[in-house]
RNA sequence: GCGCCCGUAGCUCAAUUGGAUAGAGCAACGGCCUUCUAAGCCGUAGGUUCCGCGUUCGAGUCGCGGCGGGCGUACCA
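Numbering (this note's numbering), first residue to last: 808 to 1369.
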């Protein structure tokens, strides 16, 4: 790993958590505690006066050792060797917490490490290069993308970035439902409008697509191809028009994803599965394994054996494969393509579908935890404090593109990811558009722009940090606060990835921005004192690195000035 | 009916996976710019974490039972 090379000589090169863990383990051994039975959990207290790291082992041991937790804590403390550079002091507090206060030597060295690691700061190798895939959006290409797709696109894209940051080889995939009933309906809808342009009456399909975009496509086709389809047999015409319409819808989807900075490695077409009869192979496999049965002329899968509430149809009475069967086969291709771990992001209306898909993959013999579904909850758009009414049936939806165009990609991404994906999201369009302090996107970006300006100003004053920088000049409380905040970043990244909670990153970046703004307010970076200026400039640069690294994962820009 | 998600300050949300005195932003009120970006900072006020019981040293967090909101419960996709 080249990225740490310059720091191997450092005294505190090892993860601070590991060091403290060892120290405590040693102390426990001295006390004849069977350490294998306990996990030493180190946590960062949320309160400043509880130190930098805290351990609760004394409370866990209280009932076993039949001693007061504070007394146990005291004994542990007495068995810890002191190194005032690393650990400034150790305190017993509350019901029996042991609190560690780290020393300036540690903070200064850690700050240096951030500067050295630059864009790699925050990355870990937890994933061991394992191939992982997240499938998201996967919206029917029969209409424009809606805001739930936008939210899913944001979360999926950022989660892939997070997984890559923690050492996985993560890919983005979009499943294209380019066949079946929905596509036929699209063709029929377009055909009806198309015929109308040439004054022919053709019935509009009962469950057809009503949006304005359908008319537009019909008009475009008429402009480009003239009336050459009108004499064709209806079935043939419908198919040809469906084909053209589908290509156009997919082109539009790709255009939007491009604009939104989501780069799918693969757009996997459903037709690929059907053309190669993958679904029939899977059907045979399930039959061989004895998980199917015939009833009422249909073929069923015993998903109830794997926790689903009832069994599901694979082949209909008409011997047609269900969407489910094709979907199973599609998911099997993911395993065949080498993915060890995969996630799907689905909308709230599909959550009832989760148990059967998990059941199917288990029935095929894949590990239970290799596949998970994350449900992204609905989005309420607010305008002027009022919810915007949307009705798909009437063709009245707010499109993803409208939102992006209106609020901008940065703000959209930030807002869509800025809360737990399992919670409903109120998206306040007015707020996202505001270029004021009410808008958290500008708040975090402003910190970055401000830093760039300071660095520029320092350069003009001839202050450029070099190897001679003396970090011992950093002594102020606000400086320490800022370093401590910077040091949380790697944990935020791995925590957000592991718990599938990307909103932790936006929360953190807002805290970091606040901590920096506070530091900036109380202390001048560039002053008469050149040595001090250099030291503070180093701290400022480290902040810029962390902000920029975070923005990169979020897929938002890091403005040089605002 | 059954299943899944959600319920925290007036509003939008956090809370290190069970930790200590539940925190931010907005909205309200009061301060801070001849000095590196005031899109900033400091301060005041705001709470029965929907209700009840349980698990234990310790619960916003876990379990059970309610209440309220959303979604699902197809040989549709």
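Where is the CB? At the ideal position from N, CA and C, for every residue including glycine.
Check: Can you give me the Cβ contacts of residue 1349 inside the same chain, cut-off strictly under 7 angstroms, excluding the 5 residues immediately before and after it?; Outcome: 918, 921, 922, 1293
Check: Could you please give the first and the last residue of the uninterrupted alpha helix (DSSP H) stretch that includes residue 1150?; Outcome: Note, residue 1150: premise wrong, no alpha helix (DSSP H); beta strand (DSSP E) at 1148-1153.
Check: Does the Cβ of residue 1066 have 16 or more other Cβ atoms within 10 Å, making it buried, or fewer, making it exposed?; Outcome: exposed
Check: Please classify residue 1358 as buried or exposed, where buried requires at least 16 neighbouring CB atoms within 10 angstroms.; Outcome: buried
Check: Could you check the C-alpha separation between residue 1009 and residue 1018 for me, to the nearest Å?; Outcome: 17 angstroms
Check: Using C-beta distances below 7 angstroms, list every residue in its chain close to residue 1111, excluding the 5 sequence neighbours before and after it, in chain order.; Outcome: 1117, 1118
Check: Give the DSSP bridge partners of residue 850, in chain order.; Outcome: 861
Check: Based on the DSSP output, what are the partners of residue 1105 in its beta bridges?; Outcome: 1102
Check: In whole angstroms, give me the CA-to-CA distance for residue 1251 and residue 964.; Outcome: 20 angstroms
Check: Measuring only the C-alpha atoms, how far is residue 1137 from residue 969?; Outcome: 25 angstroms
Check: Buried or exposed, going by whether 16 or more other CB atoms sit within 10 Å of the CB of residue 1230?; Outcome: exposed
Check: Once the 5 residues before and after residue 827 are set aside, which same chain residues still bring their CB inside 7 angstroms of it?; Outcome: 849, 860, 907
Check: Identify which residue in 1267, 1221, 1283, 1081 has its Cα closest to the Cα of residue 957.; Outcome: 1221
Check: Alpha carbons only, please: which of 1315, 1173, 1165, 1169 is nearest the one belonging to residue 1179?; Outcome: 1165
Check: Going by Cα to Cα distance, which pick from 1188, 1036, 1315, 834 is closest to residue 886?; Outcome: 834
Check: Based on the DSSP secondary-structure assignment, which residues constitute the bridge partners of residue 793?; Outcome: A question about residue 793 goes unanswered here, because the residues of the chain that appear run from 808 up to 1369.
Check: Excluding five sequence neighbours on each side, which residues of the same chain lie with their C-beta closer than 7 angstroms to the C-beta of residue 1238?; Outcome: 1245, 1246
Check: Residue 974 and residue 911: beta carbons closer than 7 angstroms?; Outcome: no
Check: Which word fits residue 1369, buried or exposed, when buried means at least 16 other C-beta atoms lie within 10 angstroms of its C-beta?; Outcome: exposed
Check: Taking only the alpha-carbon atoms, compute the straight-line gap between residue 1311 and residue 1016 and give it to the nearest angstrom.; Outcome: 39 angstroms
Check: In the DSSP assignment, what residue or residues form a beta bridge with residue 1008?; Outcome: Answer is none; residue 1008 lacks a bridge partner.
Check: Can you tell me whether residue 1345 is buried or exposed, with buried defined as 16 or more other CB within 10 angstroms of its CB?; Outcome: buried
Check: In the DSSP output, which residue or residues are listed as bridge partners for residue 1074?; Outcome: 981
Check: Within 10 angstroms of the Cβ of residue 1185, are there 16 or more other Cβ atoms? Answer buried if so, exposed if not.; Outcome: exposed
Check: Considering Cα atoms alone, identify which of 1153, 986, 1050 is closest to residue 1081.; Outcome: 986
Check: Given residue 1360, which residues of its chain have a CB within under 8 angstroms of its CB, disregarding the five upstream and five downstream residues?; Outcome: 965, 968, 969, 972, 1300, 1312
Check: What does the alpha-carbon distance come out to for the pair residue 1351 and residue 925?; Outcome: 10 angstroms
Check: In angstroms with no decimal places, state the Cα-to-Cα distance between residue 823 and residue 1288.; Outcome: 17 angstroms
Check: Compare the C-alpha of residue 1058 against each of 951, 1343, 1107 and name the closest.; Outcome: 951
Check: What whole-angstrom Cβ distance do residue 940 and residue 980 have, given they're in contact under 8 angstroms?; Outcome: 6 angstroms
Check: Mapping DSSP to helix, strand and coil, what is residue 1247?; Outcome: helix
Check: Ends of the beta strand (DSSP E) at residue 1186?; Outcome: 1186-1190
Check: By the DSSP assignment, the alpha helix (DSSP H) with residue 893 in it spans what residues?; Outcome: Taken as a continuous stretch (DSSP letters only), residue 893 belongs to no alpha helix (DSSP H), as it is neither H nor E.
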